[in-house]
Amino acid sequence: MKNLLVVADLQVFFIIPLCKLQRKRYNNREISSIIGECIVEKIAFRSAVAVELAGVPKMDYYKIRQLTGRDSESVRSARADYTPDDVRTLKRALIDGFAAWQDSDKHVPLVAIRMSKGGVGKSTISTNMAIATAMRGYRVLVIDLDPQASTTELFGVDSESDVRTVVSGVLEGHPLKDCVYSMSNEAVLHLMPADQLVAHFDPKVVAVAHREHLLEKFLERNREYIKANYDIIFLDTAPGSSFLNLNALVACDLVVAPMSMDGMSQKALKLLRTEIMELKDWLGVDRQVLFVANNYNKSQTHSRQNLEAMQLGFGDYLAKAVIPANVSVARQISGGIARPVILSEPNRPASLAIHQLTRQILRTVGMFGVDPDPVDEEADE
Numbered sequence: 506m507k508n509l510l511v512v513a514d515l516q517v518f519f520i521i522p523l524c525k526l527q528r529k530r531y532n533n534r535e536i537s538s539i540i541g542e543c544i545v546e547k548i549a550f551r552s553a554v555a556v557e558l559a560g561v562p563k564m565d566y567y568k569i570r571q572l573t574g575r576d577s578e579s580v581r582s583a584r585a586d587y588t589p590d591d592v593r594t595l596k597r598a599l600i601d602g603f604a605a606w607q608d609s610d611k612h613v614p615l616v617a618i619r620m621s622k623g624g625v626g627k628s629t630i631s632t633n634m635a636i637a638t639a640m641r642g643y644r645v646l647v648i649d650l651d652p653q654a655s656t657t658e659l660f661g662v663d664s665e666s667d668v669r670t671v672v673s674g675v676l677e678g679h680p681l682k683d684c685v686y687s688m689s690n691e692a693v694l695h696l697m698p699a700d701q702l703v704a705h706f707d708p709k710v711v712a713v714a715h716r717e718h719l720l721e722k723f724l725e726r727n728r729e730y731i732k733a734n735y736d737i738i739f740l741d742t743a744p745g746s747s748f749l750n751l752n753a754l755v756a757c758d759l760v761v762a763p764m765s766m767d768g769m770s771q772k773a774l775k776l777l778r779t780e781i782m783e784l785k786d787w788l789g790v791d792r793q794v795l796f797v798a799n800n801y802n803k804s805q806t807h808s809r810q811n812l813e814a815m816q817l818g819f820g821d822y823l824a825k826a827v828i829p830a831n832v833s834v835a836r837q838i839s840g841g842i843a844r845p846v847i848l849s850e851p852n853r854p855a856s857l858a859i860h861q862l863t864r865q866i867l868r869t870v871g872m873f874g875v876d877p878d879p880v881d882e883e884a885d886e
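The C-terminal residue of the sequence shown carries number 886 in the numbering used here, and the numbering is unbroken.
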């Protein structure tokens, strides 16, 4: 345990490997061991948190241990470390229809996190939202489509390692199962990483017919594997316009558009609107967009004014959650150590807002058995 940092509080605790991102290249056989050292190997929480994440009625921890197959263990404590697999077990046992839904021939929704401007929090939201989804017992795949590889780095994976990326799968013909890496010691969170070679996607496809459907076709070729292993897929896109970003918009079911509370983000919105309109006009593809107010600072006048303008202009297309500016987000990679804020500081306002955003997105794309939002419950009382 000497290489682990335990972050604890009254509600939940997480075990986080203290590993430094290493700057050397590895072959594909070596990369699995490197990733195993560098990611959050175990997400764990108390029994009360497991029940809350599962969205099931409160119960004593003896009942929880029985349902999760731990009743024979000697430890009889509410502080036993429950995992996302345990949350999934509780859902399957106590939520009518959840097991049938998860095992069914269902459509696996794709959520693209997209904004043409950089620095608005796309990768932060992608990474933390994927973890929040996995914590709820859903099986998650994250595909990093950004050559800057910020999401890959936030998961603690060295983007300069010899990993297989979307280029390996879409253009080189590798099956999806050979391009994904487990981000935990349970099969709840997988990553298709990125590196700078992802930037080669556009030059390679410029003369390819129907190039805007390449990602969609790749996912369709791997349909059986996806349905057997995942409940939802998140696509983290790069800033600016590219064929790869267009592929993400064509393939996805929902576009999540983070916006910082500054004028530049408001201007970048025009490009996103143009992209969405072109999808509809040229390809007949109509995508739902959910805007997210990110990096909000209530002490700044311009931040309050921009949020009010978004609320008036977007209405129901604006996410209920407002993610506040927080130094915790800025230090997610500090000293070479990757620590997504939802794990390192789970009770911070930014982490709680990400959980609220996650619940709304999961409901929007039709996920079964999403836990209730405490904010909505308070409003009903």
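Glycine is no exception: its CB is placed at the ideal position from the N, C-alpha and C atoms.
Do residue i and residue j have their C-beta atoms within less than 7 Å of each other?
i: Ala598; j: Leu558; result: no
i: His695; j: Ser687; result: yes
i: Val794; j: Val846; result: no
i: Val675; j: Pro698; result: no
i: Val478; j: Val790; result: Nothing in the structure corresponds to residue 478, since the chain is present only between 506 and 886.
i: Arg644; j: Val693; result: yes
i: Lys596; j: Gly874; result: yes
i: Gln865; j: Ala824; result: yes
i: Glu658; j: Pro589; result: no
i: Ala762; j: Leu777; result: yes
i: Thr638; j: Thr779; result: no
Could you give the C-beta distance for residue i and residue j, rounded to a whole number, given that I count them as a contact under 8 Å?
i: Ser628; j: Thr594; result: Going by Cβ atoms, the distance from Ser628 to Thr594 rounds to 31 Å, so no, they are not a contact pair.
i: Phe723; j: Val616; result: Not really, about 17 Å apart at Cβ, beyond 8 Å.
i: Gly602; j: Asn799; result: With 8 Å as the limit, Gly602 and Asn799 do not qualify as a contact, their Cβ atoms being about 34 Å apart.
i: Pro829; j: Pro854; result: 5 Å
i: Asp700; j: Ser747; result: At roughly 16 Å, the Cβ-Cβ gap does not stay under 8 Å, so Asp700 and Ser747 are not in contact.
Less than 8 Å between C-beta atoms, sequence neighbours within five positions excluded: which residues of the same chain meet that for residue i?
i: Ser537; result: Annotation note: pLDDT 39 at Ser537 (below 50); position unreliable, coordinate value reported separately. So the list reads Tyr686, once near-sequence residues are dropped.
i: Leu749; result: Leu650, Val671, Val703, Phe706, Asp707, Leu720, Thr742, Ala743
i: Tyr587; result: Ala549, Phe550, Arg551, Ser552, Val554, Ala555, Ile569, Thr573
i: Asp610; result: Lys732
i: Asp576; result: Tyr567, Arg570
i: Val592; result: Ala555, Leu558, Ala559, Met640, Arg641, Gly642
i: Gln816; result: Leu823
i: Pro652; result: Ala699, Asp700, Gln701, Leu702, Val703, Ala704, Ala743
i: Tyr730; result: Pro680, Leu681, Lys682
Using CA coordinates, which residue listed in the options is at the minimum distance from residue i?
i: Thr806; options: Ala824, Asp767, Glu780; result: Asp767
i: Ser673; options: Cys684, Pro829, Ala798; result: Cys684
i: Val647; options: Met640, Ile636, Arg641; result: Ile636
i: Val870; options: Pro851, Leu681, Cys757, Lys709; result: Cys757
i: Leu848; options: Val797, Met640, Ile618, Val711; result: Met640
i: Ile737; options: Gln816, Leu812, Ser631, Ala654; result: Ser631
i: His860; options: Met634, Ala604, His612, Ile600; result: Met634
i: Arg716; options: Leu751, Thr779, Asn734, Glu691; result: Leu751
i: Ser804; options: Gly818, Asn831, Tyr822; result: Asn831
i: Lys801; options: Ala858, Arg792, Pro851; result: The identity of residue 801 in the sequence shown is Tyr, whereas the question assumes Lys. For Tyr801, the nearest C-alpha among the options comes from Ala858.
i: Asn734; options: His612, Leu862, Ile600, Thr863; result: His612
i: Arg792; options: Glu725, Arg844, Ala753; result: Ala753
i: Leu812; options: Pro879, Leu788, Met764, Ile781; result: Met764
i: Phe819; options: Phe796, Val713, Asp786; result: Phe796
i: Arg619; options: Lys785, Trp606, Ile781; result: Ile781
i: Trp787; options: Asp608, Glu725, His718, Trp606; result: His718
Within the same chain, show all residues whose beta-carbon is closer than 7 Å to that of residue i, passing over the 5 residues directly before and after it, in chain order.
i: Glu535; result: Its pLDDT being 38, under 50, Glu535 is placed unreliably in this model, and the value from its coordinates should be taken loosely. Answer for Glu535: no residue qualifies.
i: Tyr567; result: none
i: Arg868; result: Val875
i: Asn727; result: Pro680, Leu681
i: Ser856; result: Val846, Ile847, Glu850
i: Arg809; result: Lys803
i: Ala714; result: none
i: Glu785; result: It is Lys, not Glu, that sits at residue 785 in the sequence shown. Around Lys785: Asp791.
Which residues in the same chain have their Cβ closer than 6 Å to the Cβ of residue i, if we skip the five residues on either side of it in sequence?
i: Pro614; result: Ile737, Asp758, Val870
Between residue i and the ligand HEM, is there a pair consisting of the residue's CB and a ligand heavy atom that are separated by less than 6 Å?
i: Lys709; result: Questions concerning the ligand HEM fall outside what the structure shown contains, since it holds no ligand whatsoever.
(request) Quick one: which unbroken alpha helix (DSSP H) runs of 4-plus residues sit fully inside the region 566-647? Chain order, please. (result) 566-572, 589-599, 603-607, 627-640
(message) Could you tell me which whole alpha helix (DSSP H) segments of length 4 or greater appear in the region 847-875?
(response) 854-869
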